[in-house]
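Taking the numbering used here, I'd label the letters of the sequence shown as residues 7 to 211.
For glycine and all other residues, C-beta sits at the position ideal for the given N, C-alpha and C.
This structure is a prediction, so every number in the text was calculated from the model and none was measured.
Below is one structure, written out as structure tokens; comments come after it.
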Amino acid sequence: FIGRLLDVIDKQGLKNTTFIYFASDHGGSLEAHRGNVQLGGWNGIYKGGKGMGGWEGGIRVPGIVRWPGLLPAGKVVDELTSLMDIFPTVVHLAGGAVPQDRVIDGRTLLPLLQGTVLHSGHEFMFHYCGVFLHAVRWHQKDSGTIWKAHYATPVFQPEASGACFARGICPCFGDGVTHHDPPLLFNLSQDPSEANPLSTDTEPL
7 FIGRLLDVID KQGLKNTTFI YFASDHGGSL EAHRGNVQLG GWNGIYKGGK
57 GMGGWEGGIR VPGIVRWPGL LPAGKVVDEL TSLMDIFPTV VHLAGGAVPQ
107 DRVIDGRTLL PLLQGTVLHS GHEFMFHYCG VFLHAVRWHQ KDSGTIWKAH
157 YATPVFQPEA SGACFARGIC PCFGDGVTHH DPPLLFNLSQ DPSEANPLST
207 DTEPL
């Protein structure tokens with residue numbers, strides 16, 4: 007489908023003046039299966055999947071941009087962005103201004119894509135499952151280190167499966183989640199798989 011859409015844009019002579027952004031709103035759905043055959047996605051080294059409010063496998067997805075008239079092909083930007091950034095980006099491209107009477111969480115992507123800045127405008131990112139805050143990510147600007155704290159995580163079923171097969175999807179609250187006080191803390195720069203939560207002996211001062 008995407009290829010057909012791009013073909014039409016190219017044939018209409020709009021290739022160099024059309025901003026195209028492609029992404030998923032979540033990681034692969036690990037619980038999807040038919041019998042013993044898994045139909046859902048695979049999230050590589052990242053723990054979790056769709057419906058898991060904080061784990062990287064549920065929220066870390068690529069964003070693919072094409073705009074030959076303005077952006078170089080093949081460029082890789084290894085910075086955190088959000089689907090919330092699409093609104094201010096499109097408003098900026100249209101020559102408008104985002105509303106000033108409310109908080110807009112997104113940031114225009116253009117400076118990052120064009121290379122006029124090196125880092126995302128998001129110092130903090132809050133990861134919700136429904137209306138429940140499950141995790142917070144902090145990009146420490148002075149060191150470049152990315153930290154993440156998990157306040158709640160889904161209870162996997164079976165326990166070590168990495169998914170909620172018994173329920174079909176992980177719940178956001180109730181007996182289907184474990185609350186962490188203090189929160190689980192990970193150094194994503196060194197441990198992107200979120201395999202080794204830091205302890206009082208290993209976390210930085």
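Based on Cα-Cα distance, which residue from the options lies nearest to residue i?
i      : options                        : result
ILE110 : LEU116, GLY101, GLN120, VAL97  : VAL97
PHE25  : SER35, GLY34, LEU11            : LEU11
LYS21  : ILE51, ARG72, GLY33            : ARG72
ASN49  : HIS39, PRO188, TRP61, VAL43    : TRP61
SER199 : PRO188, ILE152, CYS178         : ILE152
GLY136 : VAL123, PRO160, LYS147         : PRO160
PRO94  : THR114, ASP197, PRO105         : THR114
GLY180 : LEU194, GLN146, PHE138, LEU204 : PHE138
PRO203 : LEU190, SER195, GLY121         : LEU190
LEU76  : ALA201, GLN120, HIS145         : GLN120
HIS133 : LYS81, PRO105, THR184, GLY59   : GLY59
Cβ of residue i within 8 Å of Cβ of residue j?
i      : j      : result
GLY33  : ILE8   : no
PHE28  : ILE92  : no
ALA158 : HIS140 : yes
LEU99  : SER126 : no
MET131 : SER88  : yes
GLY57  : GLY46  : no
HIS128 : HIS145 : yes
PHE162 : GLU37  : no
Please tell me whether residue i has its Cβ less than 8 Å away from any Cβ of chain D.
i      : result
ARG143 : Although the question refers to chain D, the structure presented lacks it and comprises just one protein chain.
Practice problem: Tell me the start and end of each unbroken beta strand (DSSP E) in the stretch 112-140 that is at least 3 residues and wholly inside, in chain order. | Solution: 130-135
Exercise. Only counting runs of 4 or more residues, tell me where the alpha helix (DSSP H) segments fall wholly within the stretch 15-78, in order along the chain.
Key: 62-65
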